[in-house]
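Last residue of the sequence shown? That's 101 in the numbering used here, and every number before it is there in order.
Glycine residues also receive a C-beta, built at the ideal position from the N, C-alpha and C atoms.
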Amino acid sequence: MAEKRFLAAISVDALEDYQTLAFNIQEARKSRGFSQREMAERCLMSLATYQAIEQASTTVSMGAILAVLDTLELTAALREVAAPHLDVDGRRLRAARRVRR
1 MAEKRFLAAI SVDALEDYQT LAFNIQEARK SRGFSQREMA ERCLMSLATY QAIEQASTTV
61 SMGAILAVLD TLELTAALRE VAAPHLDVDG RRLRAARRVR R
């Protein structure tokens with residue numbers, strides 16, 4: 001298996017946010033009355049992959065997570081992830097570069 005050095009770059013806060021996402025996915029599945037097996041089938045993935053998503057495994061691909069969110073019809077909030085208008089630090093740094101020129 002390939003070494004996953006990038007895992008060392010993930011902050012505790014980011015991991016906690018990912019765990020919250022996994023919990024929210026699990027709650028959304030349960031509220032719809034789906035079993036994990038049904039979700040895996042609907043998402044065209046193995047049960048093990050689906051379970052890894054609910055366990056917040058960092059080995060799961062973004063594509064698999066996107067398939068789950070799409071199946072649950074929960075992708076609308078993705079438009080706000082890393083949106084430039086919400087990137088306060090990015091705007092501040094960009095403005096600072098303009099001032100120096």
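The region 23-43 and the region 78-91 do not touch, with fewer than 3 CB-CB distances between them shorter than 8 Å. The Cβ-Cβ distance between R42 and T71 falls below 7 Å.
T20 and A52 have their alpha carbons spaced roughly 14 Å apart.
Look at T75 here: in three-state DSSP terms it is coil, with no helix or strand label.
At a Cβ-Cβ threshold of 7 Å, A64 and M45 count as neighbours.
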